[in-house]
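**Student:** Okay, here's the structure, questions in a sec.
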Amino acid sequence: MIDTLEQTPTLREWIEAGPGDYVNGHATPFAALRARARTAFDHLGIPTRKDEAWKYTNIEKALRHDYALLDSDATPIVDASDVADYRIDGLDAYTLVVVNGTVVPELSDTDGLPAGVHIGSLREAATSHADVVERHLGQYADVESEAFIALNTASDLNGVFLQIDKSVTLERPIQIVHVTNTDEDAFVQTRNLYLFGENSEALVVETYHSASDVKTFGNRVSEVVVERAARINLLQLQTEGDNASQVNTLQIEQDAASYFAAHTYTLGGALVRNNVNAVPNAEGCETHLYGLYILDGEQHVDNHTLVDHAKPNCFSNELYRGIVDGRSTGVFNGKVFVRRDAQQTNAYQSSQGVVLSDDASHHSKPELEIYADDVKCSHGSTTGEVEPEHVFYLRSRGLSEQQAKSLLLYAFAHDIVTELPHEALRTYLDALIEDRLNAQLLG
Amino acid sequence: MSAMLDIKNLHAEIEDNEILRGLDLTVNPGEVHAIMGPNGSGKSTLANVLAGREEYEVTEGSVTYNGQDLLDMDPEERARDGVFLAFQYPVELPGVSTMQFLRTAVNAMREHRGEDEMNVAEFMKLMREKADFVNLDHSLMQRSVNEGFSGGEKKRAEIFQMAMLDPKLGILDETDSGLDIDALKIVSEGVNKLRADDRAFVLITHYQRLLNYIRPDVVHILMDGRIVKSGGFELAEELEAKGYEWIREHADDAVVA
Amino acid sequence: MPTYTEHDLIADIEKEEGGYKYGFVTETDADTIPKGLSEEVVRLISEKKGEPEWMLEWRLKAYRHVLTLLEDDEHYPRWAHLDYTEPDFQAISYYSAPGKKPKYNSLDEVDPELLETFERLGISLMEQKRLVGIEDKETMPVAVDVVMDSVSVATTFKEELAKQGIIFCSMGEAIENHPDLVREYIGSVVPYTDNFYAALNSAVFSDGSFCYIPKGVRCPMELSTYFRINAAGTGQFERTLIVCEDGGYVSYLEGCTAPMRDENQLHAAVVEIIAKEDAEVKYSTIQNWYPGNDEGVGGVYNFVTKRGICEGKRSKISWTQLETGSAVTWKYPSVILKGDDSVGEFYSVAFTKGAQQADTGTKMIHLGKRTKSTIISKGVSAGTSNNSYRGLVKINKKAEGARNFSQCDSLLLGDKCGAHTFPYIEINNSTAKVEHEATTSKVGEDQMFYCMQRGISEQDALNLIVNGFAKQILAKLPMEFAVEAQKLLSIQLEGSVG
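Here you go:
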């Protein structure tokens, strides 16, 4: 452990200096949780490729860079016009802007949010919604299980707090715009807590942007609680530049008869590790995990998913698709875990990869770990090239080879987009994918 | 002549829903009984209860089969004593060849009757003979039970199995559903050839169509878990012409037994 | 389907007279050296076998590697989905040869007790006839190289094979009579540095089989070896080497059963296969080592390294296995597809019950162009056992047009067992096509009821369904082996319904 920290001096420095447990003589919130996380991180250390879960991603190497720890107390300066660019075209949404992990109300637009919806900074919620935050924060993302969760939990725990009360239906989506803005290479930690009340319904969109060209490393943890019969879709759209790396953990806890769908799109970023962990923790849950990654250049994207079926009569479905080009590496490592009591589980998992270049790699590791007998579980994984026969067919109809490939790849990616229940977003994503594919295939 | 099958006041439920609510039925050797009823009347429940499916719970009543308490017997004992159910939806058994499956079944029955195992040559001969009975392609014997069979092949295979196992009581659960007219004729012909003085049939069906080819001795109408009307073949014709609603309206004054 | 509990299992074991069917000890005098691992022991093994200097040197190199690995905390394979105590390597006796210098001129001289052993092991009547010199012309003859406690006791049909230039003998004899061949190929596919158990085996291997098929020769009979662990507390470290020259063909069978023991016995074999241009090697295994009691105590640890290399163009290696025994199994028969257009196959049925743990699968490493591999793995879990498939498909950058198809199906009997699938798919070429499918399900109540409605007992119904599930694999085994395999599976299934 100490060795690892020696190699990542900023982390070590940070751990030792740490954010104070006391500010102006008052105990800062979550002191006990943070202390526990710090101990856990000391024990876990930064994972290496010897850890099964990090077999295909050398995260230690990625961290071995002189990142400054971003001071989230400093007032971030971001131009309002820049932020306007980050809003999704044609999307009628409530918008929350988060710069370097801190919510900036003056850049946000949450007017007209119905009663029963609270959105704002987690740090403020620690006071304004103390009970509920204490009840949930750190309860699902287990600090003992994963170094990056521990590291994040040991931080000053700032980010977004969203709470939607019982039976509230949000007609418009919420877009949360995360901006990293710094003039030195920085390590950014963001912590989000989303609480979706019983029978509520919402679509939340997270987008990530870099306002400058310096190198950044984000360690983001979001805890999502989906209460009884709530129906929630969460889109995470990662389109940062080649200098932005991140480990992004999404931890979902579902109560009975709830519906949750995660849509994870990785179209940019240098090294991106997504951990999506869903725990359908009561009967009758439905869980959908959708993912799309389109990579080029030196990009490295590792999608790690876990559906942990602990209770009977749940359904889960996972569909991931990736296109890897250039010298990029795509990884899909998905696990379906069915515990002894989770009888009548139906779990499906499918991952498909297309490799466009001989210098690109695609690794998949679709796992089933099953301890209950009355279950139906399956996974399928295919990796290959664009079907030459299909390309030929299109060329015989007058398309160029590039056009044919682009069309086929677009169709391949589009299947993921169709799963998103919002037309304007689908249109936006389709356009984004088309641009990306055209740029890639022509470039 | 004592009855082969005697059902008295049968009540049965599945997952706490009562489906059969006091069903009475008596079937004598040599007879063919048709049980007609609308969807949800309890037709398939009756077939499954008679075959001994565990999910169905009998809460009241009795079923006597050749003097024995049928409800007290395990499914395979019932089968060995001559109760055959032609399933509405025959399941597939991947990797288990029809031949291997039937040899195991035939020999289990022979052992039950205190007979020696049938040798392979004899068995093959019997199998070919019975397959021709329902025009079943011999190549199906090598294939896995019901796997990749068409709907019609599955139904014909059920009748073929019945011919192989030589039961005393054949229960056909909607064997006609999904069959085109040619297949229906083949299946019916197979059943007719199996009619005998010491064998009885219970045909469960929604429509009269099957009964045009297999003439029943008695027709019963099952509604809401009870037999509400019984009669001859003309009852089936009347039902076809007037529909189940007509029965429902006249049920109260028409209840038999 | 009614559930089968641990309690039922204990009752069933008690019902079986004498417990484990193949659990017995043959009373032959064994020549056993003291327990423990040391350079002296390695030297002693080599000396007892009258080995040349180069062989001893190779063993010693491997031994030194074992020592360095033992110092490193990470030497032990920990990624497998297994839970057991690492064996005490100093408590194992590394060599045990049957006493009375077992070199027979004819099989009549073979200890009658040994022949009886074969009978109890269920070696088919046909093979027994052959062992006593009676030819059965109806089927393909089988040559049997018998390994009892590591030393080859008798090799049949050697002469007939020799006429065609085929060498089939014990590894000891091969080292003595064909040193150049052994020296060229031993450790060439599984180097002693490969993993801890491969290193250990290289240092202390006691015997095994050697098979050489010359250019253009199709071996006219199935070659078969029965391995058994016999003397108490002895580890079994066989080493098998099969070399198939251009255009050659051989089908090789290996079957194992083990007597009942109180302490865990370690079985760490190494199998190496080299297939040259247009050569084809089929390797079939039935594994039925003693699995231990219901808590897994006393069972065999089966940690095996099996690997073949498709060296030449259009060569082919197939692994077929039925794994029903051992307390803990750790085994991944692999193929390195080096030659262009070469083919690798892996067909496996793994059955676990009681407290058995199996982590088994394969590795297909595609290096050559248009190389093809097929993986079909069927796992059946009962009792409180855990059954894992772990497989790697790796397509190298230069493996243009490589293809793989993998299918892993798991069947669960009872609600206390586990079935797991851990495939690793690594693609570094844009023209590769790799498909993987996996399903997990239990024996359907509908299927059981359907069988029972046809008068078939619950036990027979389960037998039919499980054998049906495994059929695709069992059909890949040579005929006589397939029948044995089916019987074995049925015996294993006894008591799996309540």
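Residue numbers (the numbering used here), protein chains in the order written: chain A, 1 to 443; chain B, 1001 to 1257; chain C, 2001 to 2498.
Even for Gly, the Cβ is constructed at its ideal location relative to N, Cα and C.
1) Between the region 2375-2382 of chain C and the region 2471-2486 of chain C, can you find at least three pairs of beta-carbon atoms closer than 8 Å?
2) Among A/Ile59, A/Asp415 and A/Thr418, which has the Cα closest to the Cα of A/Gly45?
3) Could you name the residues of chain B that C/Leu2056 contacts, counting a contact when the two beta carbons are closer than 7 Å?
4) Cβ atoms of A/Arg38 and A/Ala150: under 9 Å apart, would you say?
5) Could you tell me the distance, in whole angstroms, from the CA atom of C/Ala2011 to the CA atom of C/Gly2368?
6) Going along chain A, which residues have a C-beta under 8 Å from C/Asp2415?
7) If distances are taken between C-alpha atoms only, which option among A/Ala84, A/Ser364 and A/Arg64 comes closest to C/Phe2422?
8) Determine the chain B residues that contact C/Leu2464 at a beta-carbon separation under 8 Å, and present them in chain order.
9) Checking the sheet assignment: what are the DSSP bridge partners for C/Cys2408?
10) Could you check if B/Met1164 is buried or exposed, using at least 16 other CB atoms within 10 Å of its CB as the buried criterion?
11) Quick check: what's the CA-CA separation for C/Ser2385 versus C/Ala2327?
12) With 9 Å as the threshold, decide whether the Cβ of C/Ile2365 is near any Cβ in chain A.
13) Taking A/Phe211 as part of the alpha helix (DSSP H), name the residues at either end of that continuous run.
14) Under 9 Å between beta-carbons, which chain C residues line up against A/Pro280? List them in chain order, please.
15) Is the CB of C/Pro2052 under 9 Å away from at least one CB in chain A?
16) How far does the beta strand (DSSP E) with C/Asn2195 in it reach, from first residue to last?
17) Check for me: the beta strand (DSSP E) holding B/Lys1242 runs from which residue to which?
18) Establish whether the CB of C/Ser2348 and some CB of chain B are separated by less than 9 Å.
19) Does B/Leu1161 get closer than 9 Å to chain C when you measure Cβ to Cβ?
20) Between the Cα of C/Asn2463 and the Cα atoms of C/Val2393, C/Gly2391, C/Gly2172 and C/Leu2488, which residue gives the shortest distance?
21) Within the chosen definition, does the region 321-338 of chain A reach the region 2393-2401 of chain C through at least 3 CB pairs nearer than 8 Å?
22) Could you name the residues of the region 2427-2448 of chain C whose beta carbon sits closer than 7 Å to any beta carbon of chain A, in the order they occur along the chain?
23) Does the region 421-436 of chain A come within contact of the region 1147-1156 of chain B, defined as at least 3 CB pairs closer than 8 Å?
24) Tell me where the alpha helix (DSSP H) around B/His1112 begins and ends.
25) Which residues in chain C sit within 9 Å of B/Arg1143, going by Cβ to Cβ distance?
26) Apply the 10 Å Cβ neighbour rule to B/Phe1087 and answer buried if 16 or more other Cβ atoms are within range, or exposed otherwise.
27) Mind listing which residues of the region 2473-2485 of chain C have their C-beta closer than 8 Å to chain B's C-betas, in chain order?
28) Along the chain, where does the alpha helix (DSSP H) that runs through B/Ile1007 open and close?
29) Could you list the residues in the region 186-199 of chain A with a C-beta less than 9 Å from some C-beta on chain C, going in chain order?
30) Identify which residue in C/Asn2404, C/Phe2405, C/Asp2340 and C/Leu2411 has its Cα closest to the Cα of C/Thr2352.
31) Is it right to say A/Arg397 is buried, meaning 16 or more other beta carbons lie within 10 angstroms of its own, or is it exposed?
32) So B/Met1073 contacts chain C; which residues on that side make the cut at Cβ distance below 8 Å?
33) Could you please give the first and the last residue of the uninterrupted beta strand (DSSP E) stretch that includes A/Ser361?
34) Run through the region 2433-2491 of chain C for me and flag every whole alpha helix (DSSP H) of 4 or more residues, listed as ranges in chain order.
35) Kindly indicate which three-state DSSP category A/Gln236 falls into: helix, strand or coil?
36) Throw me the rounded Cβ distance for the C/Lys2338 and C/Trp2319 pair, which I believe falls under 8 Å.
**Tutor:** So, from the data block:
1) Short answer: they touch.
2) A/Gly45 has its Cα closest to that of A/Ile59, out of A/Ile59, A/Asp415 and A/Thr418.
3) Those do not exist, as C/Leu2056 stays about 50 Å from chain B at its closest Cβ, beyond 7 Å.
4) Between A/Ala150 and A/Arg38, the gap from beta carbon to beta carbon is short of 9 Å.
5) Bear in mind that the predicted position of C/Ala2011 carries a pLDDT of just 44, short of 50, making it unreliable; the figure below should be weighed with that in mind. So the two alpha carbons sit approximately 54 Å from each other.
6) Simply Arg340, Gln343, Ala372, Asp373 and Asp374.
7) Closest by C-alpha distance to C/Phe2422, out of A/Ala84, A/Ser364 and A/Arg64, is A/Ser364.
8) C/Leu2464 reaches chain B at Leu1093, Val1096, Gln1100, Phe1101 and Thr1104, counting residues in chain order whose Cβ is nearer than 8 Å.
9) Beta bridge pairing from DSSP links C/Cys2408 with C/Ser2377 and C/Ala2438.
10) Under a 10 Å Cβ-count criterion, B/Met1164 is classified as buried, with 16 or more other Cβ atoms of the shown protein chains found around its own Cβ.
11) Cα atoms of C/Ser2385 and C/Ala2327: separation of roughly 10 Å, rounded to the nearest angstrom.
12) Judged by the 9 Å Cβ criterion, C/Ile2365 is not in contact with chain A.
13) Here the sequence assigns Ala to residue 211 of chain A, which means Phe is not the residue at that position. Per DSSP, A/Ala211 belongs to no alpha helix (DSSP H) and is neither H nor E.
14) Ordered by position in chain C, no residue passes the 9 Å Cβ test against A/Pro280, which lies about 18 Å from the chain.
15) False, the Cβ-Cβ gap to chain A never drops below 9 Å.
16) That residue, C/Asn2195, is in no beta strand (DSSP E); it is neither H nor E in DSSP.
17) Run containing B/Lys1242: none in the beta strand (DSSP E); it sits in the alpha helix (DSSP H), Phe1233 to Lys1242.
18) So no, C/Ser2348 is outside the interface.
19) Leu is not the amino acid found at residue 1161 of chain B; the sequence shown has Gln there. So, interface residue.
20) Considering only C/Val2393, C/Gly2391, C/Gly2172 and C/Leu2488, the residue with the shortest C-alpha distance to C/Asn2463 is C/Leu2488.
21) Counting Cβ pairs under 8 Å, fewer than three are found: no touch.
22) So the close ones are Ile2427, Asn2428, Asn2429, Ser2430, Thr2431, Ala2432, Lys2433, Val2434, Glu2435, His2436, Glu2437, Ala2438, Thr2439, Thr2440, Ser2441 and Lys2442.
23) The region 421-436 of chain A vs the region 1147-1156 of chain B: no contact.
24) Thr1098 to His1112 is the extent of the alpha helix (DSSP H) around B/His1112.
25) Near B/Arg1143 there are no residues of chain C at all, since even the closest Cβ is about 12 Å away, more than 9 Å.
26) Burial call: buried.
27) Of all residues in the region 2473-2485 of chain C, none is placed with a Cβ closer than 8 Å to any Cβ belonging to chain B.
28) Membership of B/Ile1007 in any alpha helix (DSSP H) is not indicated; the residue belongs instead to the beta strand (DSSP E) covering Leu1005 to Ile1014.
29) Listed in sequence order: no entries.
30) It is C/Leu2411 whose Cα lies nearest to the Cα of C/Thr2352.
31) With a 10 Å radius around the Cβ and a threshold of 16 neighbouring Cβ atoms, A/Arg397 comes out exposed.
32) Simply none; closest approach about 11 Å.
33) Note, A/Ser361: beta strand (DSSP E), Ser361 to Ile370.
34) Fully enclosed alpha helix (DSSP H) runs of 4 or longer: 2445-2453 and 2458-2474.
35) Reduced to three states, the DSSP call for A/Gln236 is strand.
36) With a contact defined as Cβ atoms closer than 8 Å, C/Lys2338 and C/Trp2319 miss out at about 17 Å.
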